[in-house]
Amino acid sequence: MVERKKGVIINVASFAATTFFPLTGTYAATKACMDKFSESLQIEYADKGIIVQCVLPLFVATKMSGMKTTLFCPTPDDYVPSVLKKVGVAKRCFGYWAHELQGFIILSLPRWLITRSALDAVSRHQKISSQTTNEKKEK
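Just so you know, the sequence shown maps onto residues 9 to 147 in the working numbering.
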């Protein structure tokens with residue numbers, strides 16, 4: 009890429025890199041590292057014609073995520089073209105219009121509210137998981 013003086017690097021991090029999520033410290037830290045690594049590459053290679061973009065997705069409906077497709081959870085077929093349209097336009101993005109909206113709203117909230125909401129969500133998830141486990145044991 010350096011010899012050709014052109015190229016594109018797209019690194020995929022996660023929205024988790026941008027704020028606090030309980031019980032995901034290691035995951036969030038690795039994604040924040042990718043975000044900062046991308047920023048460093050952007051600076052180092054800007055004058056060499058290489059575009060570096062870091063994508064910070066929220067949920068995408070994949071087998072791995074187990075999420076169903078919704079307005080805020082696109083399929084990979086919808087998500088990927090959206091990301092590619094942002095190459096050269098945004099060095100850092102959430103990749104999909106609904107994720108951009110979610111990111112803007114979430115990151116506009118006070119930190120204490122984000123933390124409280126995240127902790128409440130984890131608590132609800134743990135309760136549901138516990139109930140499911142107990143129901144399986146009873147059978």
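The beta carbon of each residue, even a glycine, is placed where N, CA and C say it ideally should be.
- With respect to residue 58, residue 17 sits close: the two C-beta atoms are nearer than 8 Å.
- For residue 74, the three-state secondary structure derived from DSSP is coil.
- DSSP, reduced to helix, strand and coil, places residue 63 within a strand of the structure shown.
- Excluding its 5 nearest sequence neighbours in each direction, residue 87 has C-beta neighbours in its own chain below 8 Å: 65, 68, 103, 104, listed in chain order.
- In terms of Cβ geometry, residue 39 and residue 24 form a close pair [threshold 8 Å].
- According to the DSSP assignment, residue 91 belongs to no beta strand (DSSP E) but to the alpha helix (DSSP H) extending over 84-93.
- The C-alpha of residue 113 lies about 14 Å from the C-alpha of residue 126.
- If you compare the alpha carbons of 14, 20, 106 with that of residue 36, the shortest gap goes to 20.
- Listed in chain order, the non-local C-beta contacts of residue 110 below 7 Å within the same chain comprise 66, 80, local neighbours out to five positions each way being set aside.
- In the DSSP annotation of this structure, the continuous segment of the alpha helix (DSSP H) that includes residue 33 starts and ends at 33-53.
- Contact check for residue 106 against residue 82 passes: the beta carbons are separated by less than 8 Å.
- Counting the other Cβ atoms within 10 Å of the Cβ of residue 97 gives fewer than 16, which makes it exposed.
- In the DSSP assignment, residue 15 falls within the unbroken beta strand (DSSP E) covering 15-20.
- When DSSP states are grouped into helix, strand and coil, residue 100 belongs to the strand group.
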